[in-house]
Amino acid sequence: MAHTHTTQCKIDHYFKLEKKYMDMKRLVMEKTEELKRRDKIIALLENEIDERDATIRYLKNEIDKYRQVVKPLTRQIIDSHKNGKDNEEECFAMKSPGLENTRILPIGEQRLKRTAISAEPLSSLSQDHDMKLAKIPKSHKSRELIKGAILDNDFMKNLEMTQIREIVDCMYPVEYAAGSVIIKEGDVGSIVYVMEASNTALTASKDLATYNHHWFSWVISVSEVKVAMAIGIY
1 MAHTHTTQCK IDHYFKLEKK YMDMKRLVME KTEELKRRDK IIALLENEID
51 ERDATIRYLK NEIDKYRQVV KPLTRQIIDS HKNGKDNEEE CFAMKSPGLE
101 NTRILPIGEQ RLKRTAISAE PLSSLSQDHD MKLAKIPKSH KSRELIKGAI
151 LDNDFMKNLE MTQIREIVDC MYPVEYAAGS VIIKEGDVGS IVYVMEASNT
201 ALTASKDLAT YNHHWFSWVI SVSEVKVAMA IGIY
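The numbering of the sequence shown is full-length UniProt numbering, which starts it at 1 and goes up by one.
Okay, structure coming up:
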């Protein structure tokens with residue numbers, strides 16, 4: 001009887017060990033699956049972080065490009081206002097190509113002062129300068145044309161919608177006679193042109209390149225052309 005009891009105890013002990021082993025094995029498998037799930041979540045989060053970092057780098061690059069274009073013009077406009085240069089006709093005479101063959105369309109309002117749309121908040125500029133935006137009446141078709149041209153521009157499309165509306169409001173019409181040179185090499189890059197109806201010719205001795213490369217081209221009106229313009233858009 002004693003031998004039988006000892007054998008039974010060994011069998012019971014064996015089954016207990018086997019059960020404990022199976023429980024431990026199941027627990028290890030569960031923990032392994034949990035680790036795999038966590039690894040997948042970590043991989044997804046790392047990919048999301050990489051995508052966000054790439055987006056941040058892209059946006060910083062776009063901001064740097066934008067600042068290279070608009071920063072000098074910001075100071076130029078502020079300095080011009082400090083010096084009291086608010087005569088639009090004089091501004092055209094200095095900066096607009098082909099002016100001798102152009103005429104300003106009647107707009108039925110007081111003459112337009114030079115206006116600036118800045119990447120910086122307008123409130124910060126108004127602290128130093130009383131800059132009132134002169135809105136020029138225009139048809140819905142003209143407004144949509146100007147807005148579409150701005151949104152197609154690589155730099156200006158990143159402006160806030162309020163800034164785009166201000167640009168649309170303040171742009172004014174100019175007519176160029178046939179044969180006028182509208183844009184030529186060396187012109188100040190602070191003038192925005194939107195052609196409403198045109199027949200123009202482009203002459204160039206070099207291919208046009210990106211914003212930081214050399215431009216060598218002229219735009220000449222073949223027939224009378226209507227152009228919406230804004231000076232000092234930055």
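Think of the CB as a built atom: it goes at the ideal place given N, C-alpha and C, for glycine as much as any other residue. Computed from a predicted structure; not experimentally measured.
For the 8 Å CB-CB criterion, MET171 and ILE146 form a contact. According to the DSSP secondary-structure assignment, TYR21 is paired through a beta bridge with no residue. Closest in alpha carbon position to ASN158, among GLU175, CYS9, ILE182 and GLU62, is GLU62. In this model, VAL168 and GLU46 are separated by some 43 Å (Cα to Cα). When the beta-carbon positions are compared, ILE182 and TYR176 come within less than 8 Å of each other.
For ASP154, the three-state secondary structure derived from DSSP is coil. By the criterion of a C-beta distance shorter than 6 Å, LEU35 is surrounded by no residue of its chain, once the five residues flanking it on both sides are discounted. Inclusion of TYR66 and PHE155 in the CB contact set at 8 Å is warranted, their separation being smaller than that value.
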